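A.B. asks: FYI, the numbering for the sequence shown is 4 to 141, going by this note's numbering. Below is the structure I would like to discuss, written out as structure tokens.
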Amino acid sequence: REMVLQFLAFSRVAQDCRGTSWPKTVYFTFQFYRFPPATTPRLQLVQLDEAGQPSSGALTHILVPVSRDGTFDAGSPGFQLRYMVGPGFLKPGERRCFARYLAVQTLQIDVWDGDSLLLIGSAAVQMKETSHIFSVSQ
4 REMVLQFLAF SRVAQDCRGT SWPKTVYFTF QFYRFPPATT PRLQLVQLDE
54 AGQPSSGALT HILVPVSRDG TFDAGSPGFQ LRYMVGPGFL KPGERRCFAR
104 YLAVQTLQID VWDGDSLLLI GSAAVQMKET SHIFSVSQ
């Protein structure tokens, strides 16, 4: 089985963004289950309004991978990481533990400014919405 984590957009609470500039790029760090800690590549923040045109007051930004030359393609938004958690990864009897992890744990994600490397903040994502994928019965 495969678990896919997608990073598609970045937003702030309205009162948090007054007078605070948005970073140009961000990256994320986290640790999923017992996999090694992960760091995403830098992702460009692209402001878009509903019509797809740039908007200076947007509270949500699309995340777009930055190429090695510093350019980005807004036509290919987001970044995803895939984790294989099938029988080849899980030890005998571990399926139940993994299902419990998905049902009760939260994934702690730190958000970093991609240029200054300073911590912007953290988010906690409940994994329970994905727990139905792994039933505890074999």
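Glycine is no exception: its CB is placed at the ideal position from the N, C-alpha and C atoms. Bear in mind the structure is a predicted one, so any value in this text is a computation, not a measurement.
1. Which residue from Glu97, Lys94, Phe33 and Leu48 puts its Cα closest to that of Leu84?
2. Quick one: Cα of Leu48 to Cα of Gly78, how far?
3. Within the same chain, show all residues whose beta-carbon is closer than 6 Å to that of Gln129, passing over the 5 residues directly before and after it, in chain order.
4. Span of the beta strand (DSSP E) holding Arg15?
5. How long is the line joining the alpha carbons of Val114 and Ser14, rounded to whole angstroms?
C.D. replies: Once the coordinates are examined:
1. Indexing the sequence shown from 1 puts residue 84 at position 81. Just measuring C-alpha positions, the residue of Glu97, Lys94, Phe33 and Leu48 sitting nearest Leu84 is Phe33.
2. Taking the sequence shown and counting its residues from 1, the one referred to as residue 48 is at position 45. Taking the sequence shown and counting its residues from 1, the one referred to as residue 78 is at position 75. Going from the Cα of Leu48 to the Cα of Gly78 covers about 13 Å.
3. For this step, residue 129 is matched to residue 126 along the sequence shown. Hits under 6 Å: Thr109.
4. In the sequence shown, the residue the question calls residue 15 occupies position 12. Per DSSP, Arg15 belongs to no beta strand (DSSP E) and is neither H nor E.
5. Numbered from its first residue, the sequence shown carries residue 114 at position 111. Numbered from its first residue, the sequence shown carries residue 14 at position 11. Going from the Cα of Val114 to the Cα of Ser14 covers about 11 Å.
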